[in-house]
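Asks:
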Amino acid sequence: MSDIAASTFGDGVYFDGRVSTRRRVRVILTSSGLQIEDGDGRLVENWPYDQIESLNAPESVLRLGRRYNVRLERLEIADDTLAAAIGDRALQLDRSGRLHRRQQLAVVIWSLLATASLVALAWFGVPALATRVTPYVPVAVERKIGTAVDPQIRASLDTKHAGAAFECAPGGDKPAAHAALAQLVRKLENAASLDVPLSVAVVHRPESNAFAIPGGHIFVFEGLIDKASSADELAGVLAHEIGHVAHRDGTRAILQQAGLSFLFGMMLGDFVGGGAVIVAARAVLKSSYSREQEAAADAYGVALMRKAGGDPRALGTLLGKIGGATEPGMKILRDHPDTNARIAAINRLSLAAFPSVPFLPNEDWASLRGICKG
Amino acid sequence: MSSVADLGTGQRFLGMRRDYSRLLSRGAVLLLLTLGIYRFWLMTDVRRFLWCHTEIDGETLEYLGSPFELLLGFLIALTVLVPIYGLLFLSMLELGPVGELSGPLGFLGLAFLWQYALYRARRYRLSRTVYRGLRFSQTGSPALYSIRALLWWALTILTLGLAYPFQLARVERYKMRHTFYGTQVGRFDGAGWRLFLRGFPLWLLIVAPIVLAIGSFAAVDWDALGKAVGQGGEDVMGRVEGASPGLGGAIVLALLMLGLSVAMGALLYPVFQTIVTRWWLSGLRFGALTVRSKLRIRDVYRAYMRFLWYAIVFSIVLSLLTVIVAVGFAAISTKIPGFTDVGGAALALGGYVVAALGFSTIYRATVLLSFWQLGLESIQLSGAEMLDKVAASVRSGSPFGEGLADALNVGGY
């Protein structure tokens, strides 16, 4: 063991952890531990090998401390040979960095697995949970949510008509049009027998779109009425939206989004502007589950139209007209599954039964069409 | 026993830029793969690197914190924040005064927690910093600090930034008055008016165009304009133009001036940062120890140029990758119906995260590292003899503040 004998002592710098004074010391490696002597050869400290630990230091220095010590005693060794000799005697110092790398690998692997299980929870768990919880949300709460969300939706939709009226509201110079709309909604509502009262608002937007929010609020865009060529088509879309109301899809979506933002918002923390990531993550997860809900609302719409005495295929006809021309950023059409497949499904469900009488008398439909004009 | 004061060789940064970049880019990949869970480990590695390569008066700093402490702090912060977020979410659904107040109140509450967290996080970092066998520590009340800091922020915003130098001076004075190295208390001697005089020309260059732009609107006939907008219906803009012919010109001037102001801000930001950093460093005191910084503006600009260069290279690589992925994506989506929705959104999300992570990593490896190094090496100490005879104290900080800061998105070094 001549190599060890050759490097059993050397120089170091010692701090006693009581004062910041720097002391030059001589370090002697004995069989059981590390002796620290001052310039006069007096013993300052004696550290057993199994009690020393290596601490954060630049590459050129081995910085040692003593474990379980309240005082932060430090011994710094710049001499490479002496540092290597200490490493040979105290293996826990991990001079090669093998232990450190193994620990890091464990962290990485377990983080990856945790991520996978988190994503799985977000993908399967949160929607399933939201679906289970939704039926237990009281109708009163749902209506409250709807009343709170309604002005926010209006504010976010009303971008162009600064100053002008946004809703084609009743009480203006179109009493006939509103009476016709009310009649159409009443026919559907009577057939549907919902827990919540419906409130349908026609708004000034050029897109062909309509959507429902929790609590029975339904928004119909002016562009959709322009595209509809019969009262049955408009009624078909409304029946589809009533399907969302009956299935409480809006409430479920809110529960789901709340769950996801809790899950990801908290996990992602400060890693590159969490906010935008959460929003995007929600969009990804949302588009994957809206499919079945849309199909279910279609089926509901068909059944409701049959019950109310309308043409159940009219929803499909209108979808065919607006399916191609989707406006970017609008919810209903982007989220909807492949239009042709939907129309086929609607026609299949409609069977052969459709009435010869239009949903509204022709003159009522004519005045309803002009609800936003002038 | 021999005390050696002759080793004092000034301030140096011993780390290699290449090693730091490798550490950060490896960390960025792991962050991406682990949805950010790795950040506690990355943050600790970054600090260990910066601390141990920071040599002050011949001795390097030592970082004593561990990633598990950060994780613990995060969990504690989560415990505090989850009910607060839950309450906020619920109260927003309430109608009437509760619902209306919940927004502003929630904002105030989170702002309070934000400053609170910053102060506690500073305490944690200081208490995990060891120099010559002695810890740093911080006392003082985080709640009081938070209230002070928020009041100062309000004043700064109300004065369009003119109060900022005085805010910095007061807030820094509070922090340093409660900062200890061993038993030696710190002090901050930077004067607000000094920073004000240095920064005022910058403020003029940035704010003057905005004032000019606002002034140009004075020529507009507001009554006629109000009527024109109020009438509603189609062609609002046409009537607006008829009612006040000066408006178009004023809008164009305002946009030009706003652009000028933003451009000035971007160009002069490094100057501002240099002035503030130099002033801040030069105000630090520990007993007889005084610090003087000679940070140079051109060095800081060089750091920003390096950032721009790497950012451009990264953008080119990223766009090439995007093209390749988009081509592959188009090929797949023709085969699988319905792939476009989910795949497209996932692609956009992935692209966003990669870009954001890439730029922030480049920024850390260039500008932030340079600031650390330049700031450190610009320092001249006098009265450094005191560093040899400071006594230890017993105080330690909890990682709670750090976790809170992390959960509230206010990270740092």
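Top line first, the protein sequences correspond to chains A and B. The numbers in the first sequence follow the working numbering, run straight up by one, and end at 385. The numbers in the second sequence follow the working numbering, run straight up by one, and end at 396. The C-beta atom is built at its ideal place from N, Cα and C for all residues, glycine as well.
#1: Give a yes or no on contact between the segment 59 to 75 of chain A and the segment 31 to 44 of chain A, applying the rule of three or more CB pairs nearer than 8 Å.
#2: In angstroms with no decimal places, state the Cα-to-Cα distance between residue 103 of chain B and residue 125 of chain B.
#3: Just how far apart, CA to CA, sit residue 230 of chain A and residue 167 of chain A?
#4: With H, G and I counted as helix, E and B as strand and the rest as coil, what does DSSP make of residue 65 of chain A?
#5: Check this for me: beta carbons of residue 270 of chain B and residue 173 of chain B, under 8 Å apart or not?
#6: Check residue 220 of chain A in the structure and name its three-state DSSP category.
#7: Mind checking which residues open and close the beta strand (DSSP E) that includes residue 358 of chain A?
#8: In whole angstroms, what is the alpha-carbon distance linking residue 292 of chain A and residue 332 of chain B?
#9: Of the residues A:260, A:271, A:323, which one's Cα is nearest the Cα of residue 307 of chain A?
#10: Compute the distance between the beta-carbons of residue 192 of chain A and residue 382 of chain A, then report whether it is under 8 Å.
#11: If the cut is a Cβ gap below 9 Å, which residues of chain B does residue 125 of chain A touch?
#12: Identify every run of the beta strand (DSSP E) within the segment 17 to 105 of chain B, keeping only runs that are complete inside it and at least 3 residues long; order them along the chain.
#13: Compare the C-alpha of residue 137 of chain A against each of A:265, A:99, A:327 and name the closest.
#14: Run down chain B in chain order and give the residues with a C-beta less than 7 Å from the C-beta of residue 145 of chain A.
#15: Could you have a look at residue 140 of chain B and say whether DSSP puts it in helix, strand or coil?
#16: Which class does residue 147 of chain B belong to by DSSP, given the choice of helix, strand or coil?
#17: Check whether chain A comes within 8 Å of residue 31 of chain B, counting only Cβ atoms and requiring the distance to be less than that.
#18: Taking contact to mean 3 or more Cβ pairs, one atom from each stretch, closer than 8 Å, check whether the segment 183 to 203 of chain A and the segment 242 to 253 of chain A are in contact.
#19: So the beta strand (DSSP E) residue 59 of chain A belongs to, where does it begin and stop?
#20: Let me know the secondary structure DSSP gives residue 113 of chain A once reduced to three states.
#21: Pick out whichever of A:239, A:76, A:350 has its Cα sitting closest to the Cα of residue 376 of chain A.
#22: Give the single residue among B:315, B:334, B:96, B:285 whose Cα lies nearest to the Cα of residue 305 of chain B.
#23: My output table needs one value for residue 26 of chain A: the three-state DSSP class, helix, strand or coil.
#24: How about residue 173 of chain B: is its C-beta nearer than 8 Å to some C-beta of chain A?
#25: Let me know if residue 13 of chain A comes out buried or exposed under the rule of 16 or more other beta-carbons within 10 Å of its beta-carbon.
#26: Helix, strand or coil: how does DSSP classify residue 19 of chain A here?
#27: Kindly identify the DSSP beta-bridge partner or partners of residue 164 of chain B.
#28: Look at residue -3 of chain B and residue 32 of chain B and say whether their C-beta atoms are less than 8 Å apart.
#29: Looking only at its own chain, which residues have a Cβ that is under 6 Å from the Cβ of residue 39 of chain B, when we skip the five neighbours before and after it?
#30: Who does residue 81 of chain A pair with in a DSSP beta bridge?
#31: On the DSSP letters alone, give me the boundaries of the beta strand (DSSP E) that residue 363 of chain B sits inside.
#32: Is residue 44 of chain A helix, strand or coil when you go by DSSP?
#33: Would residue 274 of chain B and residue 257 of chain B qualify as a contact pair, given that the criterion is a beta-carbon distance under 8 Å?
#34: Between the segment 95 to 103 of chain A and the segment 220 to 236 of chain A, are three or more C-beta pairs nearer than 8 Å?
#35: So is residue 349 of chain B in contact with chain A if we call contact Cβ pairs under 8 Å?
#36: Tell me, which residues are paired with residue 231 of chain A by DSSP?
Replies: Looking at the coordinates:
#1: yes
#2: 6 Å
#3: 13 Å
#4: strand
#5: no
#6: coil
#7: Residue 358 of chain A -> not in any beta strand (DSSP E); alpha helix (DSSP H) instead, spanning 350 to 361.
#8: Confidence at residue 292 of chain A is low in this model, with a pLDDT of 49, below 50, so the placement of that residue is unreliable and no value is reported for it.
#9: A:260
#10: yes
#11: 17, 18, 20
#12: 37 to 39
#13: A:265
#14: Near residue 145 of chain A there are no residues of chain B at all, since even the closest Cβ is about 15 Å away, more than 7 Å.
#15: helix
#16: helix
#17: yes
#18: yes
#19: 54 to 59
#20: helix
#21: A:239
#22: B:334
#23: strand
#24: no
#25: Model confidence at residue 13 of chain A stands at a pLDDT of 43, short of 50, so the residue's coordinates are unreliable; what they give is reported in the following sentence. By the neighbour-count rule (16 or more Cβ atoms within 10 Å), residue 13 of chain A is not buried but exposed.
#26: coil
#27: B:119, B:167
#28: no
#29: -6
#30: In DSSP, residue 81 of chain A forms no bridge with anything.
#31: 362 to 365
#32: strand
#33: no
#34: no
#35: no
#36: A:213, A:221
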